[in-house]
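First comes the structure, then the notes that go with it.
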Amino acid sequence: MRTGLCGEVGIGDVGSRVRLCGWVARRREHGEHLAFVDLRDRSGIVQCVVDGTVDLRSEYVVAVAGVVRRRPEGMENPSLPTGEVEIGDCTVEVLSAAEPPPFLVEDRAEVDEVVRLRHRYVDLRRPRMQANLRLRAAAVSAIRRAMDRQGFCEIETPLLWSPTPEGAREFAVPSRLHTGDFYVLPQSPQIAKQLLMVGGFDRYYQIARCLRDEDLRADRQFEFTQLDMEASFVTQDDVLGFVSEAVLDAAEAATGARPQEIERMSWSAAIDRYGTDKPDLRIDTELVDLGDVFASSEVRAFAAPSVKALRVPGGSQKSRSALDGLVERAKALGAKGLAWFRVAEDEGATTLDSPLARVLSDAERDGLVRTTGAVPGDLVLVVADEHRVACTVLGQLRVELAGKPVGEGPYRYVWVVEFPLFEALGADGHPVPAHHPFTMPHPDDIDRMETDPLSVRSQAYDLVLNGWELGSGSIRIHRADIQARVFHALGISDEDAESRFGFLTSAFRYGAPPHGGFAFGIDRLAAVLAGEESIREVIAFPKTQSGADPLTGAPKALPAAALADLGIRIAAK
RNA sequence: GGACCUGUGGUGCAGCUCGGAGUGCACGCCGGCCUGUCAAGCCGGAGGUCGCGGGUUCAAAUCCCGUCAGGUCCGCCA
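Take any residue in the first sequence, note its place counting from 1, add 213, and you have its number in this note's numbering.
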């Protein structure tokens, strides 16, 4: 039907006869003797010249036959990749007429997202969406090649799975044959892939759709796609190596540039230096510890287990009301207060402008400036509080004051390793797992599990890109005795463990290899690499924040007969 | 569950503080003119439940209350 693609016609094709198919992007008519038609397909746009009039409208689907020719001298269009040539002596065949589109099929048209989604089939024609979905496909393809090359076997796991009362809320699927019973859609293939390890598939992966019935965000949809992988007889270093290979290959395929080796950082260093477990390393300021400076301070505001500071380069020009706003923000984030110091210069001496400036000793003033590295023009923010609070509050302010859109380069990947095994003590006095209860404790710390559980590190790790968590994984527990100790620490009784995870623990009784794995979000990776701030821009048919689909109208009520078939009655609201 | 922002011809906005006739801008659309344009140009035209409901008022796009939809964030996402 066609001889090539619109965007690929070039100077080398001059003289050849072509037939191109696509959509009418624009037409420019010059009376009854001459008309230009810009023809668009997925590859781009080429100008077609018609000697006469044409009865075409925007977005008509047409086939244009003609001869490629060099444009007349001075008529080239340097802003168009095909701008040196045009299709001449055209005959146009209308394959399909079209109503005027609801919005311009061009990138520069900014359109309300719900309008775009309602007419997604039109939106998808725009170069942005074409590029984004193709970038995503290139990334996925590279991931598959990387995993295959490393000896991994792609295996599908069920979409209809068993309810597990743990973690994210699950989508329920009623069973027709077992009226009153339900499957759930998997929030991740976690347990299935561990069963595959017991089954002897020592290197498994899957481009897996995962579903979680939790509230949506710019970086979260009900359904999302992960590279899910698991391997047996491996160390944490092995897993990080496998995943790094896939991620770096994907990034190279998507952007053309291969990132450098991904650096590693311990969880405690991430908290200490950036106040978060997903640090954005594009921002070059770090939190600074002022504990030594104020160790014996008379200043009551700084009498706290931890005194942390954040230097804000050039921040001294902030107005008093802007600073008041920062103080309020810090309080909203959980700090008791926020001290600020505007750094200035007076006759060669560095001065501090702050309500607290006068109560600081000379040594404290010097220490604050020296330790933070502040120079005139900077602003220094100080939070004194419990260590975790001081770090996270300043870490959040760091991002809010200096952050950039996630998709804006450069791309800074980092492995955050040695997550704590437990997050905190729950209301029942038992620690709460930071990852999932099958995470292997760090071998150096395992003896403290009963005596000092919150100090126990785990062999769990996250991959972070520009402040977004791409994914997480861990070495899993494969030994019944260690699993029993973790369950015990968590306050999960033997009976409880049996009823909730029985089919996994019993599988482990039949010969479980040491294993570990990882899963990272392909939507998120693709979005960042595409320069987008929302994963909706790399998903063909996403949902809105309320979980609706403006195109199909989903979700909808089911006909009464369908409900009756499933044995379901809708409760009155 | 909560906070904040947004809603005005097909699209994007202005108008809203300080109430006075659906007023304006750009794009698109329709018609006419036009033989080298390329976001073509020129002339003319059509197109509106100011998200919806209620209240205040002589009078509401504008003020108040409620509600719906969309977005960002918190909670949530082991």
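Glycine included, every Cβ here is placed at the ideal spot set by N, Cα and C.
All values derive from a computational prediction rather than experimental measurement.
Three-way DSSP call (helix, strand, coil) for residue i in this model
| i | result |
| --- | --- |
| residue 327 | helix |
| residue 240 | strand |
| residue 442 | strand |
| residue 666 | helix |
| residue 410 | helix |
| residue 428 | coil |
| residue 561 | coil |
| residue 584 | helix |
| residue 502 | strand |
| residue 599 | coil |
| residue 808 | One cannot answer for residue 808 here, as it falls past the ends of the chain, which runs 214 to 786. |
| residue 576 | helix |
| residue 421 | strand |
| residue 700 | helix |
| residue 436 | strand |
| residue 513 | helix |
| residue 875 | Because the chain spans 214 through 786 in this model, residue 875 falls outside it and cannot be assessed. |
| residue 452 | helix |
| residue 494 | coil |
| residue 333 | helix |
Cβ neighbours of residue i in the same chain (closer than 7 Å, five flanking residues each side left out)
| i | result |
| --- | --- |
| residue 353 | 420 and 735 |
| residue 721 | 411, 691 and 693 |
| residue 600 | 518 and 519 |
| residue 458 | 359 and 363 |
Residues of its chain near residue i, where Cβ-Cβ distance is below 6 Å and the 5 sequence neighbours each way are ignored
| i | result |
| --- | --- |
| residue 404 | 717 |
| residue 467 | 348, 351, 352 and 742 |
| residue 580 | 506 |
| residue 374 | 397 and 399 |
| residue 216 | 231 and 232 |
| residue 442 | 418, 730 and 731 |
| residue 668 | 661 |
Contact set for residue i: own chain, Cβ-Cβ below 8 Å, skip 5 residues either direction
| i | result |
| --- | --- |
| residue 289 | 296 and 297 |
| residue 612 | 489, 493, 496 and 680 |
| residue 671 | 631, 632, 633, 634, 647, 648, 652, 653, 654, 655 and 687 |
| residue 378 | 713 |
| residue 218 | 233, 254, 255, 256 and 257 |
| residue 569 | 512, 514, 552 and 554 |
| residue 401 | 421, 423, 439, 441 and 732 |
| residue 320 | 339, 340 and 341 |
Cα-Cα separation between residue i and residue j, rounded to whole angstroms
| i | j | result |
| --- | --- | --- |
| residue 292 | residue 565 | 52 Å |
| residue 675 | residue 602 | 21 Å |
| residue 463 | residue 450 | 20 Å |
| residue 453 | residue 617 | 27 Å |
| residue 316 | residue 343 | 16 Å |
| residue 640 | residue 630 | 27 Å |
| residue 543 | residue 605 | 10 Å |
| residue 713 | residue 414 | 24 Å |
| residue 749 | residue 435 | 11 Å |
| residue 663 | residue 711 | 22 Å |
| residue 439 | residue 684 | 8 Å |
| residue 759 | residue 229 | 53 Å |
| residue 465 | residue 311 | 39 Å |
| residue 697 | residue 637 | 20 Å |
| residue 527 | residue 591 | 4 Å |
| residue 324 | residue 345 | 17 Å |
| residue 584 | residue 620 | 32 Å |
| residue 246 | residue 224 | 26 Å |
| residue 609 | residue 376 | 36 Å |
Per DSSP, the bridge partner or partners of residue i
| i | result |
| --- | --- |
| residue 267 | DSSP lists no partner for residue 267. |
| residue 416 | 444 |
| residue 249 | 241 and 262 |
| residue 234 | 276 |
| residue 550 | For residue 550, which the question treats as bridged, DSSP gives no partner whatsoever. |
| residue 568 | BP columns for residue 568 are empty, so no partner. |
| residue 529 | Partner(s): none; residue 529 has no beta bridge. |
| residue 521 | 502 and 596 |
| residue 257 | 254 |
| residue 478 | 629 |
| residue 555 | 566 and 592 |
**OP:** Any chance you could list the beta strand (DSSP E) runs of at least 3 consecutive residues sitting entirely within the stretch 356-400, in chain order?
**Re:** 385-387 and 395-397
**OP:** Jot down the residue ranges of each uninterrupted alpha helix (DSSP H) in the stretch 267-329, minimum 4 residues, whole runs only, in chain order.
**Re:** none
**OP:** Counting only runs of 3+ residues fully inside the stretch 714-762, write out the beta strand (DSSP E) ranges in chain order.
**Re:** 728-734
**OP:** Write down every uninterrupted run of the beta strand (DSSP E) in the stretch 629-696 whose length is 3 residues or greater and which is fully enclosed by it, in chain order.
**Re:** 635-638, 644-646, 673-678 and 681-688
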